[in-house]
Structures are given as C-alpha cells and as structure tokens.
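Taking my numbering, the leading residue of the sequence shown gets 496, the next gets one more, and so forth.
All C-beta atoms in this analysis are idealised placements derived from N, C-alpha and C, irrespective of residue type, glycine included.
Predicted model only: the values in this text are computed from it and were never measured.
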Amino acid sequence: MKKFIIAPSVLSANYMNLKNDLTQCLENDINWIHYDVMDYDFVPNLTFGSKILQDITSQIKMNIDIHFMVKVKTKNFTDFFVEYIKANPQMMTMHIESMNAKETKLFIDLCKKNNIKASLAVSPQTPIKKIIKYLPIIDNILVMTVEPGFGGQSFIEHAAGKIGLLRKIIDQNNYKTTIEVDGGINSETSKIVKDYGVDIIVAGSYLFGQKDFAQRAKKLAGGN
Ligand code: DX5
Ligand code: ZN
Numbered sequence: 496m497k498k499f500i501i502a503p504s505v506l507s508a509n510y511m512n513l514k515n516d517l518t519q520c521l522e523n524d525i526n527w528i529h530y531d532v533m534d535y536d537f538v539p540n541l542t543f544g545s546k547i548l549q550d551i552t553s554q555i556k557m558n559i560d561i562h563f564m565v566k567v568k569t570k571n572f573t574d575f576f577v578e579y580i581k582a583n584p585q586m587m588t589m590h591i592e593s594m595n596a597k598e599t600k601l602f603i604d605l606c607k608k609n610n611i612k613a614s615l616a617v618s619p620q621t622p623i624k625k626i627i628k629y630l631p632i633i634d635n636i637l638v639m640t641v642e643p644g645f646g647g648q649s650f651i652e653h654a655a656g657k658i659g660l661l662r663k664i665i666d667q668n669n670y671k672t673t674i675e676v677d678g679g680i681n682s683e684t685s686k687i688v689k690d691y692g693v694d695i696i697v698a699g700s701y702l703f704g705q706k707d708f709a710q711r712a713k714k715l716a717g718g719n
C-alpha cells in the first residue's frame with residue numbers, strides 16, 4: 496500500500512507549546528513539518544520568519560518543507576532566502592503567481608545549488624498549464640485546495656482535480672516530481688486527494704490541538 500508523507504502545518508500549532516506539538520508528530524511517525532511563511536502582501540496574513548525555523552531545526556530533527564506565501568522585495572531576489580537556507584530545509588516552495596519567469600528560474604537554481612528540493616505552488620484559480628513546463632526541472636508541485644493565507648478553511652474540490660491531471664502528466668513522462676496538497680485536509684478530503692494520486696499531504700487544523708491526534712495522523716497516513 497502506498498505510504499503518504501504527512502506534513503503537519505505549524506500554522507495551527509500552539510506556539511506556547513511548540514516543542515510538545517512537534518514531539519507529538521515524531522511520536523506518531525511524522526517526521527515532516529510544513530512551515531507557512533506569509534508576508535501580509537502576497538496573502539492577507541502575517542506569520543513567522545527564519546529565526547523560529549532556525550530554533551526549531553537546531554533542537555528537533557525533522558524534514559522541513561517551507562511554504563513561502565510572499566512577494567519577494569529584496570533588491571537581489573535570492574537574498575531573501577539566505578536565512579531560511581541556514582535552517583537546512585529539505586524543500587522550499589514558492590508560488591508561481593508571486594514570481595516572474597526570471598525569478599522562478601533563480602528560485603529553482605537556488606534550491607538546486609543548496610541541495611534543497613525545489614517546489615512550486617499553484618493557488619486554486621491558477622491553471623496547471625502555467626506550471627507544466629517546469630515539471631521536468633522541479634522536485635515537487637504544491638496544489639493549493641484553499642486560497643492561501645489561513646488555516647481552517649474549507650477544501651475547494653475543483654482545485655483538487657488538478658492533482659489527477661498532474662499525476663497523469665508526471666507518470667506519462669516519467670518525471671520524478673512529487674505532488675503535495677495543502678488546504679482543508681481532513682479524514683474525508685484526504686480520501687479524494689489520495690484517489691487523485693497525491694504524495695504529500697499537508698494538514699493543519701485537522702491535526703494540531705486535537706485530542707485524538709494519533710488516530711487522525713494514522714487516518715491520513717494510511718491508504719483509503
Ligand atoms: C494556508 C496554508 C496551509 C494551512 C492549512 O494558506 O498554506 O498550510 O496551514 O491549514 P488547514 O489544514 O487547516 O486547511
Ligand atoms: Zn501551506
């Protein structure tokens with residue numbers, strides 16, 4: 496049976512209790528976390544920067560998946576990522592909608608140069624034709640099934656259909672690209688995305704702060 500990677504979104508963790516929340520993940524065989532960076536510009540919300548991530552990775556050994564929901568404004572595009580790279584993330588994701596073609600290329604090259612998986616995200620309204628040409632050169636594509644910006648929103652089913660289309664293109668061409676889904680995932684919606692052929696499942700409010708975290712984590716990780 497296929498094993499899915501579960502990446503709990505730190506956005507829904509309790510920051511007064513972060514170490515316990517992350518330890519709970521490890522105790523339940525979850526060794527990825529999804530770290531949502533928001534800038535109050537690309538999205539109408541503001542979260543955390545690189546310092547908290549560096550503190551996390553200096554104390555806990557987990558694979559980090561950074562989801563940048565930002566419009567980079569540094570004069571030199573790649574400067575923005577320097578402090579995040581110091582935290583040794585396994586994967587960095589930027590939204591295709593927040594970059595021009597030159598920046599997209601710079602971002603992918605920067606990830607490769609630093610041995611970090613290069614990932615591009617698509618918001619619900621963005622058609623996959625915008626991303627197809629990048630599939631052979633990126634490691635992961637993140638399909639958003641909510642509008643980026645907030646945890647706890649409802650799953651947008653039509654956006655999830657993109658996972659099925661991507662699965663076909665990736666398999667037909669023998670690309671190695673993984674497919675990740677983010678937004679509104681719970682025990683029901685996870686079945687839909689698994690059927691479409693997802694590899695990595697992000698879940699925030701469904702997991703953190705829930706008494707039955709262990710059962711919920713098991714449900715997400717298992718097959719349908
Ligand atoms: C939303 C973020 C998500 C968010 C998911 O913009 O990218 O990672 O934390 O939260 P849930 O799982 O509650 O929809
Ligand atoms: Zn996210």
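Under the 10 Å beta carbon count, residue 579 is surrounded by 16 or more other beta carbons and is classified as buried. Within the DSSP secondary-structure output, residue 558 pairs in a beta bridge with 527. One thing to note: residue 565 has its Cβ no nearer than 8 Å to the Cβ of residue 591.
Beta-bridge annotation (DSSP): residue 677 is paired with 639 and 697. Of the candidates 522, 631 and 705, the residue whose Cα lies closest to the Cα of residue 673 is 631.
CA-to-CA, the gap between residue 536 and residue 593 works out to about 10 Å.
By the neighbour-count criterion, in which 16 or more other beta carbons inside 10 Å mark a residue as buried, residue 599 falls on the buried side.
For the options 573, 596 and 557, the alpha carbon positioned closest to that of residue 585 is the one of 557.
The region 542 to 549 makes no contact with the region 687 to 697, as fewer than three CB pairs between them are under 8 Å.
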